[in-house]
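Down below is the structure, laid out as structure tokens.
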Amino acid sequence: MKRGELLGLCGNSGNSSEAHLHFQVSDSPNLFQGKSIRIHWENGLNPQQLSAFWLLRRYWDLVRYMNKRASGRI
Numbered sequence: 030m031k032r033g034e035l036l037g038l039c040g041n042s043g044n045s046s047e048a049h050l051h052f053q054v055s056d057s058p059n060l061f062q063g064k065s066i067r068i069h070w071e072n073g074l075n076p077q078q079l080s081a082f083w084l085l086r087r088y089w090d091l092v093r094y095m096n097k098r099a100s101g102r103i
């Protein structure tokens, strides 16, 4: 992954109360042999502390980006 690269989209499925995204960073592409790597966020941010407003804003930024990409404008 590089800075600014799309990681994923938030969604709400199953028995969850709000949109969320699950991911794991590993030191190997092999799911069973790799070890998890702790993530250190820029400026000490913790995504769990972000407001719902910020998450919605990022969601719509991603939607616009994907629409532009799909239409060939990127």
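When we follow the working numbering, the leftmost residue of the sequence shown carries the number 30, and every step to the right adds one.
Glycine included, each C-beta is placed from N, C-alpha and C at the ideal position.
List the whole-angstrom C-beta distance separating Ser55 from Ser65, where the pair is believed to meet the contact cut-off of C-beta under 8 Å.
Beta-carbon to beta-carbon, Ser55 and Ser65 are separated by about 6 Å, close enough to satisfy the 8 Å threshold.
Who does Gly40 pair with in a DSSP beta bridge?
The partner list for Gly40 (beta bridge, DSSP) reads His49.
Based on DSSP bridge pairs, tell me the residues matched to Arg65.
In the sequence on display, residue 65 carries Ser and not Arg. Beta-bridge pairing links Ser65 to Ser55.
Three-state secondary structure (DSSP) of Trp70:
coil
What distance in whole Å lies between the Cβ atoms of Leu84 and Ala48, which are believed to be in contact at a cut-off of 8 Å?
7 Å
Using 8 Å as the threshold, is the C-beta distance between Tyr104 and Cys39 below it?
Residue coverage of the chain in this structure runs from 30 to 103, which leaves residue 104 outside it and unanswerable.
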